[in-house]
Amino acid sequence: MNVPFVDLFAIHKPLTAEFAAVFQRVLEHSSFILGPEIEEFEKAFAAYLGADHCVTASNGTTALQLVLAALKIGPGDEVITVANTFIATAEAVTAVGARPVFVDVDPISYNMDVSSVESAITPRTRAIMPVHLYGQCADMDVLLAIAKRHHLHLIEDACQAHGAEYKGRKAGTFGIAGCFSFYPGKNLGALGEGGAISTNDGELAQRLRMLRDHGSQRKYEHSVPGYNFRLEGLQGGILKVKLPHLDGWNEQRRSIAAIYRKAFQGSAIVPPREMPDCKHIYHLYVVQVENRDAIKEELAASGIATGLHYPVPLHLQEAYRDLGYSQGDFPVAEKLAKRILSLPMYPGMSAEAADYVAATMLELVSCRA
Ligand SMILES: Cc1ncc(COP(=O)(O)O)c(C=O)c1O
92 MNVPFVDLFA IHKPLTAEFA AVFQRVLEHS SFILGPEIEE FEKAFAAYLG
142 ADHCVTASNG TTALQLVLAA LKIGPGDEVI TVANTFIATA EAVTAVGARP
192 VFVDVDPISY NMDVSSVESA ITPRTRAIMP VHLYGQCADM DVLLAIAKRH
242 HLHLIEDACQ AHGAEYKGRK AGTFGIAGCF SFYPGKNLGA LGEGGAISTN
292 DGELAQRLRM LRDHGSQRKY EHSVPGYNFR LEGLQGGILK VKLPHLDGWN
342 EQRRSIAAIY RKAFQGSAIV PPREMPDCKH IYHLYVVQVE NRDAIKEELA
392 ASGIATGLHY PVPLHLQEAY RDLGYSQGDF PVAEKLAKRI LSLPMYPGMS
442 AEAADYVAAT MLELVSCRA
């Protein structure tokens, strides 16, 4: 049996006719950048999240960068984020000229270790940027309290957490802003690049709209130097077709996760833990195992594709060598990087495929015990 890591065609195939209608509509009204498809999707996504405003952007990285720029975070400022995330989280900080300050992650939830945040705060700190990693929310109550106590912005990197919940509220609605990626493989993905920001702050939303469109509110009148971080009309239409399916797809992911969890009980495979106040939407299903690299290779030989999220923590990436971190600074992130393995996880994945992955994993792990 061959099990891919994700199967985007299986998700998109039933929607082909609706996608074709979007294409036809966009051809007819010719609003290829921003325009009515974007406005409708922004309204729909804000309503889905329970946020007052949604402002789309060209991708998740530029969504994060726009928020930092709109909050006037720049050279001389520091932003606290995690060592175990995709590099885009930190790139958005460096793109505005600020400095990412890393903290370690919690060994159980894999999210920001809230106990190490306060000691990372300096007079230059402007924001805390937790990542809702793999589709599970960080400990928002504690982080919001720290942000309030120190007068810092809390910006959520919700790029992996479309529909994830914390105490019944959706990821992206806790901080001053939440940032989403619509990279095709995300739980809600475009057919290309895409991103969005959610916020309840009307003034911030207005500033974000201006900044993403060359600092302009009226064509050829520019109040500030901005960016070209606009989303294409076509992607807005596609995302609006896909949005009503998001909760169903997330439930399918949770069913696959339940199969894996049951199978791995009592074994040497450490499954992800759904934290008490959280609804995990399993953008990625990440286990820990000994001899990870060998097991990954053996799974590939059995037709099972896997991923690593992420093999090198950000503080040890060459790109950030000048930040001055070294091996041993964030022991949990470093240990996880050697042990984590992302298993196949996508809506439409059959129970047979999940059983096959689980059985193969168990066999490989028991052979090595
Ligand atoms: C945690 C995290 N932050 C930011 C991003 C950036 O999103 P994009 O690829 O749309 O720029 C991603 C996307 O992979 C991500 O996983």
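Take any residue in the sequence shown, note its place counting from 1, add 91, and you have its number in the working numbering. The beta-carbon is built from N, C-alpha and C at its ideal position, and this holds for glycine as well. Quick caveat: nothing in here was measured; it's all calculated off a predicted structure.
Report the rounded CA-to-CA distance for residue i versus residue j, giving the unit in angstroms.
i       : j       : result
Met-92  : Leu-243 : 51 angstroms
Ala-189 : Ile-199 : 30 angstroms
Pro-404 : Glu-381 : 18 angstroms
Ser-417 : Leu-407 : 7 angstroms
Ser-260 : Cys-369 : At residue 260 the sequence reads Arg, which differs from the Ser that was named. Cα to Cα, Arg-260 sits roughly 9 angstroms from Cys-369.
Gln-379 : Lys-387 : 12 angstroms
Gly-317 : Ala-349 : 45 angstroms
Lys-333 : Tyr-376 : 22 angstroms
Ala-444 : Ala-450 : 10 angstroms
Tyr-257 : Ala-135 : 21 angstroms
Phe-110 : Asp-197 : 41 angstroms
Tyr-351 : Pro-362 : 8 angstroms
Phe-114 : Leu-325 : 7 angstroms
Val-187 : Asp-168 : 10 angstroms
Ala-359 : Val-456 : 7 angstroms
Ala-154 : His-400 : 21 angstroms
Ala-161 : His-305 : 13 angstroms
Ala-108 : Ile-129 : 20 angstroms
Arg-412 : Ile-178 : 13 angstroms
Pro-127 : Gly-327 : 9 angstroms
Ile-164 : Ile-124 : 27 angstroms
Tell me which same chain residues have a C-beta within less than 6 angstroms of the C-beta of residue i, skipping the five on either side of it?
i       : result
Trp-340 : Pro-438
Ala-262 : His-223, Cys-228, Ala-249, Ala-252, Ala-255
Arg-508 : Because the chain in this structure spans residues 92 to 460, residue 508 falls outside the shown range and cannot be described.
Thr-180 : Thr-172, Val-222, Asp-248
Val-423 : Asp-195, Val-196, Pro-198
Glu-365 : His-371
Based on the DSSP secondary-structure assignment, which residues constitute the bridge partners of residue i?
i       : result
Met-203 : Val-196
Lys-370 : Glu-256
Pro-191 : Val-170
Ala-245 : The sequence as given places Leu at residue 245; Ala does not occur at that position. Ile-219.
Val-377 : Ser-433
Glu-342 : For Glu-342, which the question treats as bridged, DSSP gives no partner whatsoever.
Cys-145 : Ser-289
Arg-300 : Its beta-bridge partners do not exist; DSSP assigns none.
Ser-272 : Gly-286
Just mark residue i as buried or exposed, buried being the case when its beta carbon has 16 or more other beta carbons within 10 Å.
i       : result
Arg-298 : buried
Tyr-311 : exposed
Phe-487 : One cannot answer for residue 487 here, as it falls past the ends of the chain, which runs 92 to 460.
Val-233 : exposed
Gln-308 : exposed
Val-315 : exposed
Ser-149 : buried
Thr-264 : buried
Phe-271 : buried
Asp-230 : buried
Asn-319 : exposed
Ala-460 : exposed
Pro-191 : buried
Skipping 5 residues on each side, what residues in its chain have a beta carbon closer than 7 angstroms to that of residue i?
i       : result
Val-448 : Val-94, Ile-395, Leu-434, Pro-435
So residue i and residue j are supposed to be a Cβ contact under 8 angstroms. How far apart are they, rounded?
i       : j       : result
Phe-302 : Leu-157 : First, the amino acid is wrong: residue 302 is Leu here, not Phe. 6 angstroms between Cβ atoms; contact.
Gly-285 : Leu-322 : 6 angstroms
Ile-246 : Ile-267 : 6 angstroms
Gly-226 : Tyr-373 : 5 angstroms
Val-80  : Gly-276 : The chain is shown only over 92 to 460; residue 80 falls outside these bounds and no answer can be derived.
Thr-152 : Glu-182 : 6 angstroms
Leu-453 : Thr-397 : Not quite, the Cβ-Cβ distance comes to about 15 angstroms (not below 8 angstroms), so this is no contact.
Ala-281 : Ile-329 : 6 angstroms
Thr-290 : His-144 : 5 angstroms
Quick one: residues in its chain with C-beta nearer than 8 angstroms to the C-beta of residue i, no 5 flanking neighbours on either side, listed in chain order?
i       : result
Ser-207 : Val-194, Asp-195
Ser-441 : none
Could you tell me whether the Cβ of residue i comes closer than 7 angstroms to any Cβ of chain C?
i       : result
Val-113 : Although the question refers to chain C, the structure presented lacks it and comprises just one protein chain.
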